[in-house]
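A quick write-up on the structure given underneath.
In the numbering used here, the protein residues as written are 201 to 796.
What follows is the structure in structure tokens.
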């Protein structure tokens, strides 16, 4: 016998679950939109446990990873694989958000019935343990099935402790590390097997360089799950992550930090990436997330561009200052939005912005008015709309929970694409209609043409990239019925994977309908592409493409604080202007005093 066959076997099965559509079928794709950062982190930590032989040299730790957004998870097949190979196992459902919790429990139920150990971790578990005085009923019900929970982060060898307990078949009901968030510098590389990356659109991998946030946005879960004290990796960590991924052919990355500009080491990170790109010729590109004030940091955008940042997600959230204050997002200044977006555009970055619908002061009319203002006055490429959602782990959810206010009991709907609470001004129907109308307004053919014209007028505008992304957003929302962030190419649907408690459909009904849906959607896809592509080609080949301009592209509008609707028709716009002028006056006096 060889040494490997003499070893005992411990299977670690890591599954990043998806969530269900409105008919109860897992949302899966032949190619999904974005990779799972949590799966990458947990896989890297598990590989480190392998290398360190945390269960002893005589135990063969075997890792199995599944991203359910682009890979069907067949519990019985996994169970059979484990039984054939022999040994013990831990089924880890990782990175589980609130909307994915029902699916995670359904998967865990099957594995528990087979006698396997199951643990669930992620933002839902961590957020509930952080913000609620007691465990909610859905978690208690899962514990009654024998499912364990992991709250907090798995670095600092905490994952090794879970492995040891599972190996000894003594998994604790709850691992709660919410009061001891670890240092992440020097921790193992977040990395996904190449097979996962190839199943995502654009073949991106993901990693984080920092966690935690000092701000107090009431709708946010990050501040209560990852803490309000920021923790960071090092530039050496960053280089190792890039090289480890580059070795397996991965050169496109999504840095998942909620605000890269807040990282105290941002310049060291960019300098290291610039050295890899310009010094060694590595073809690497990045998507990052930033706040609305990063353009005020000297050299930030310039170095970001040189480092390979070509897409930027910005937490715009709203253009009504009163709404931003109500959500405690005081750091956003609408007086900075135009300058910020123009500067990113000048450096060739595609800009995305998140926009929340349903703040207390919103009405359908005010929402649509504000979107028209954005379309005219801000040089933004893509806008992503979200329902204001009391996510478990947020201050908003905590307040409603304590007040006994109605929130939809179905966690599957907590995907920011469904309404799960009531609005003080709008009826449920009005709020839902405003959400749909917002998408229709921004992604009208007329405005998509405007965005393409803006892109084509700049030498680094990449109109082809804008065309693809806007088309993606339009098709996902209108024909797939999902938010673009959870979209993908070619919807997969399996009759036997339906949500627990819903009836199994007759194959005579299910399969013809599924095939009909595929044909109908692809017909619509082809129809829309046939309509938009000539517009794109006409703009790209236009001899006067470089001379195009509009209000959003005009850097200096005379008396813009008096003339632009952003400052005169939004709630609190005049106050925001007055505050900026006050700050500018103080700054000028300070400069004059220093000079004198």
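Beta carbons are placed, not taken as given, at the ideal position from N, Cα and C, and that holds for glycine.
Note that the structure is predicted; figures quoted are calculated from it, not measured.
Which term fits residue i, buried or exposed, when burial requires 16 or more other beta carbons within 10 angstroms of its beta carbon?
i           : result
residue 391 : buried
residue 456 : buried
residue 701 : exposed
residue 445 : buried
residue 552 : buried
residue 599 : exposed
residue 489 : buried
residue 220 : buried
residue 747 : exposed
residue 229 : buried
residue 722 : exposed
residue 297 : buried
residue 487 : buried
residue 206 : exposed
residue 643 : buried
residue 691 : buried
residue 627 : exposed
residue 708 : exposed
residue 215 : buried
residue 677 : buried
residue 715 : exposed
Just curious, the alpha helix (DSSP H) that residue i is in, first and last residue?
i           : result
residue 305 : 301-313
residue 648 : 645-656
residue 330 : 323-331
residue 376 : Looking at the DSSP string, residue 376 is not in any alpha helix (DSSP H); the run it does join, the beta strand (DSSP E), is 374-376.
residue 729 : 707-741
residue 702 : Premise fails: residue 702 is in no alpha helix (DSSP H) and is neither H nor E.
residue 599 : 595-603
residue 567 : 564-577
residue 748 : Run containing residue 748: none; DSSP gives neither H nor E here.
residue 765 : 765-768
Does the Cβ-Cβ distance between residue i and residue j come in under 7 Å?
i           : j           : result
residue 466 : residue 558 : no
residue 210 : residue 255 : yes
residue 431 : residue 462 : no
residue 217 : residue 293 : yes
residue 705 : residue 695 : yes
residue 472 : residue 435 : yes
residue 259 : residue 291 : no
residue 426 : residue 755 : no
residue 314 : residue 279 : yes
residue 668 : residue 684 : no
residue 331 : residue 352 : no
residue 556 : residue 586 : yes
residue 579 : residue 752 : yes
residue 740 : residue 663 : yes
residue 356 : residue 413 : no
residue 287 : residue 236 : no
residue 460 : residue 438 : no
residue 744 : residue 666 : no
residue 359 : residue 245 : yes
residue 384 : residue 407 : no
residue 142 : residue 320 : Because the chain spans 201 through 796 in this model, residue 142 falls outside it and cannot be assessed.
residue 477 : residue 508 : yes
residue 525 : residue 518 : no
Need the endpoints of the beta strand (DSSP E) that residue i sits in, please.
i           : result
residue 555 : 550-557
residue 689 : 688-692
residue 517 : 509-517
residue 621 : Residue 621 -> no beta strand (DSSP E), and no H or E assigned at all.
residue 584 : 582-587
residue 348 : 348-351
residue 634 : Segment 628-642 is the alpha helix (DSSP H) holding residue 634; no beta strand (DSSP E) there.
residue 291 : 288-293
Are there any heavy atoms of the ligand NAD lying less than 6 Å away from the beta-carbon of residue i, as far as the coordinates show?
i           : result
residue 285 : Ligands displayed in this structure: none; no statement on the ligand NAD is therefore possible.
So that I know if they touch, is there some Cβ in chain C lying closer than 7 Å to that of residue i?
i           : result
residue 737 : Given the protein chain composition of this structure (a single chain), no chain C is represented.
Query raised in the report: Would you call the stretch 392-412 and the stretch 435-451 touching, i.e. three or more CB-CB distances under 8 Å?
Result: yes
Query - the stretch 306-320 in contact with the stretch 270-286 per 3-pair CB rule at 8 Å - result: yes
Requested in this report: Identify every run of the beta strand (DSSP E) within the stretch 215-272, keeping only runs that are complete inside it and at least 3 residues long; order them along the chain.
Outcome: 228-232, 259-267
Query raised in the report: Per the contact definition of three or more C-beta pairs closer than 8 Å, is the stretch 759-769 in contact with the stretch 532-540?
Result: yes
Query raised in the report: Can you list, in chain order, the stretches of the alpha helix (DSSP H) that have 4 or more residues and sit fully within the stretch 402-490?
Result: 422-425, 435-446, 466-474
Query raised in the report: Pairing CB atoms from the stretch 589-606 with CB atoms from the stretch 318-331, are three or more of them under 8 Å?
Result: yes
Query raised in the report: Touching or not, the stretch 625-643 and the stretch 682-698, by the rule of three or more beta carbon pairs under 8 Å?
Result: no
Requested in this report: Evaluate contact between the stretch 647-666 and the stretch 610-617, counting only Cβ atoms and requiring at least three cross-stretch pairs below 8 Å.
Outcome: no
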